[in-house]
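Student: Sharing a structure, written as structure tokens. Questions coming.
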Amino acid sequence: METICFALVPLTVVLSFLVHWLTLVKIGDPRERLPFCRGAYLAMSFQMLLYSWIVFGVVDAPRPAACLIPLGMTLSFAGDFFNLQFDSIARRSKEPVFWGIVSFGLALFCYIGAFLSLAEPSILVSEGYFIPVLAALILLPAIIFRLRVYNPSRSSSITAGAFIYGLILGGMTAVALSAAIAVGGAWYFVAAGALFFLLSDAVMGETTIYGRHPSFEYQLPWFTYLVAQGLIIFGSVMVATGG
Numbered sequence: 174m175e176t177i178c179f180a181l182v183p184l185t186v187v188l189s190f191l192v193h194w195l196t197l198v199k200i201g202d203p204r205e206r207l208p209f210c211r212g213a214y215l216a217m218s219f220q221m222l223l224y225s226w227i228v229f230g231v232v233d234a235p236r237p238a239a240c241l242i243p244l245g246m247t248l249s250f251a252g253d254f255f256n257l258q259f260d261s262i263a264r265r266s267k268e269p270v271f272w273g274i275v276s277f278g279l280a281l282f283c284y285i286g287a288f289l290s291l292a293e294p295s296i297l298v299s300e301g302y303f304i305p306v307l308a309a310l311i312l313l314p315a316i317i318f319r320l321r322v323y324n325p326s327r328s329s330s331i332t333a334g335a336f337i338y339g340l341i342l343g344g345m346t347a348v349a350l351s352a353a354i355a356v357g358g359a360w361y362f363v364a365a366g367a368l369f370f371l372l373s374d375a376v377m378g379e380t381t382i383y384g385r386h387p388s389f390e391y392q393l394p395w396f397t398y399l400v401a402q403g404l405i406i407f408g409s410v411m412v413a414t415g416g
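Structure below.
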């Protein structure tokens, strides 16, 4: 019953997003969709933020993870705020997406620290194939970046930031996958969340970062992103409490 309760909030947020998405299907231009999305998406991100702090506040979890996971979600919320490119932010910053990349990069370091506090690093190396998994997940984002994200006409700060961010994301995903391989259990939720994170940012990379604007430019990355955050927070709670 406790497990169901912990899963209820992220599940509700994700299902609410799908209902919201249905209201936008008749608007084909993503730039016309965005004004109808900003408030709703920031609110959903804030729900995940509150969920992370509340759930880790009520469970008996090791202190590093109990602080780092909510802190990671807090930094992610800041990244969401920048990436939604509110008019007030766009007027003050030429490239608000760059600050979104910075915020999310810091969030990923928090998640990496939390995961390493919950899983013995030596076990990840000896039983989780961490070195080959890390090598593969550093190489994969680099290939995706070169083939689908890199655009020489884009700002150099955005381009460099996106490339470095992809490497950090690959590292975070490698830690989660290795923990799932070595330990199993609730780590599978965390690993699934990391993979959804990778998918979300891959889609955002080849659309917003590159400069393509398909109709799903904001909805598909946001849907997979909310799934990712929900799985990471929920899975980390389960791992931390032995659930």
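For what it's worth, my numbering labels the leading residue of the sequence shown as 174, then goes sequentially. The C-beta atom is built at its ideal place from N, Cα and C for all residues, glycine as well.
Considering only the beta carbon of each residue, do E390 and S330 sit closer than 8 Å?
Tutor: No; because the gap between Cβ atoms is not below 8 Å, this pair is not in contact.
Student: Which residues mark the beginning and the end of the alpha helix (DSSP H) in which Q392 is found?
Tutor: Start and end: Q392 to T414.
Student: Alpha carbon to alpha carbon, how far is Y323 from Y383?
Tutor: Looking at the two C-alpha atoms, the distance is approximately 6 Å.
Student: For S218, which residues from the same chain have a beta carbon less than 6 Å from its beta carbon, with the 5 sequence-adjacent residues on both sides left out?
Tutor: Hits under 6 Å: F250 and D253.
Student: Under 8 Å by Cβ, that's how I've got G403 and V187 pegged, so tell me the actual separation to the nearest angstrom.
Tutor: Going by Cβ atoms, the distance from G403 to V187 rounds to 6 Å, so yes, they are a contact pair.
Student: Give a yes or no on whether the C-beta atoms belonging to T346 and L368 are separated by under 8 Å.
Tutor: Yes. Within cutoff.
Student: For a quick check, are the C-beta atoms of A335 and G273 less than 8 Å apart?
Tutor: No, the pair does not count as a contact, with Cβ atoms beyond the cut-off.
Student: Within its chain, find whatever has a CB closer than 6 Å to the CB of A353; leave out the 5 residues flanking it on each side and keep chain order.
Tutor: So the list reads W360, Y361 and A364, once near-sequence residues are dropped.
Student: Kindly indicate which three-state DSSP category I200 falls into: helix, strand or coil?
Tutor: In the structure shown, I200 sits in coil (DSSP, three-state: anything other than H, G, I, E or B).
Student: Between the C-alpha atoms of L181 and Q220, what's the straight-line distance to the nearest angstrom?
Tutor: Distance between the alpha carbons of L181 and Q220 is about 12 Å.
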